[in-house]
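J.: When you number the sequence shown by the numbering used here, it's gap-free, plus one each residue, and the end is 253.
No residue lacks a Cβ here, since even glycine has one placed at the ideal position from N, Cα and C.
Encoded as structure tokens, here's the structure I'll be asking about.
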Amino acid sequence: MSEVENLIQKAAKARENSYSPYSNYPVGAALLGADGNIYTGANVENGVNDLSICAERVALFKAVSEGTSNFERLAVVCEDEYCKPCGACRQTLIEHAPDLEVIMANPDGNFRTVDLKNLLPEAFSLGE
Ligand code: THU
């Protein structure tokens, strides 16, 4: 299995832990650190809508809070043909991983790869 396939599989597995009773839209993410560690996440919703969080940010916050700050790749899996990270996740990710490769995938393993920089051109950066 290729590294990309492995990451997609990990994201699909994480998706099984999604808590999404309000949207019924489970999402899974897997983030590969430069240290070789893989951090996974699923979306976790809340009855207070604004408190819900996306799968990508769960994975990122897990990684950063565990001391990893250098990332190579992110796989995201949802039911869409190519699961596209939302704007908030793009902005959150680019601060920690400007050179991130984003693999937008679905549970069947179909995917498309895009550089985060191309998903969020001219991103906000404090003080620039
Ligand atoms: N969601 C993610 O987890 N990642 C995204 O990039 C877009 C949307 C979640 C948030 C919410 O729980 C559900 O998908 C429907 O919007």
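1) List the whole-angstrom C-beta distance separating Tyr150 from Cys203, where the pair is believed to meet the contact cut-off of C-beta under 8 Å.
2) For a test of the three-state rule: what should DSSP assign to Ala167, helix, strand or coil?
3) What are the residues that DSSP puts in a beta bridge with Glu226?
4) Looking only at its own chain, which residues have a Cβ that is under 8 Å from the Cβ of Val184, when we skip the five neighbours before and after it?
5) With Ala213 as the anchor, note down where its alpha helix (DSSP H) starts and where it stops.
6) Whose CB is closer than 6 Å to a heavy atom of ligand 1? List the residues in chain order.
7) Out of Ser250, Ala213, Lys242, Tyr144, which has the shortest C-alpha to C-alpha gap to Val227?
8) Measure the CB-CB distance between Ala159 and Asn195 and report whether it falls below 9 Å.
9) Helix or strand or just coil, what does DSSP make of Gly159?
10) Give the range of the alpha helix (DSSP H) segment to which Lys209 is assigned.
11) If Asn235 sits next to Cys208, beta carbons under 8 Å apart, how far is it from one beta carbon to the other, in whole angstroms?
12) If we count the other Cβ atoms within 10 Å of its Cβ and call it buried at 16 or more, is Ala188 buried or exposed?
T.: For this structure:
1) 7 Å
2) strand
3) Arg198, Asp240
4) According to the sequence displayed, residue 184 carries Ala and not Val. Excluding positions up to five away in sequence, the list reads Ala139, Ala154, Ala155, Leu156, Tyr164, Thr165, Gly166, Leu199.
5) 212–221
6) Ser145, Ser148, Tyr150, Val152, Asn168, Glu170, Ser177, Cys179, Ala180, Glu181, Pro210, Cys211, Cys214
7) Lys242
8) yes
9) Checking the sequence, you will find Ala at residue 159 rather than Gly. DSSP places Ala159 in coil when its eight states are reduced to three.
10) Per DSSP, Lys209 belongs to no alpha helix (DSSP H) and is neither H nor E.
11) Wrong, their Cβ atoms sit about 10 Å apart, outside the cutoff.
12) buried
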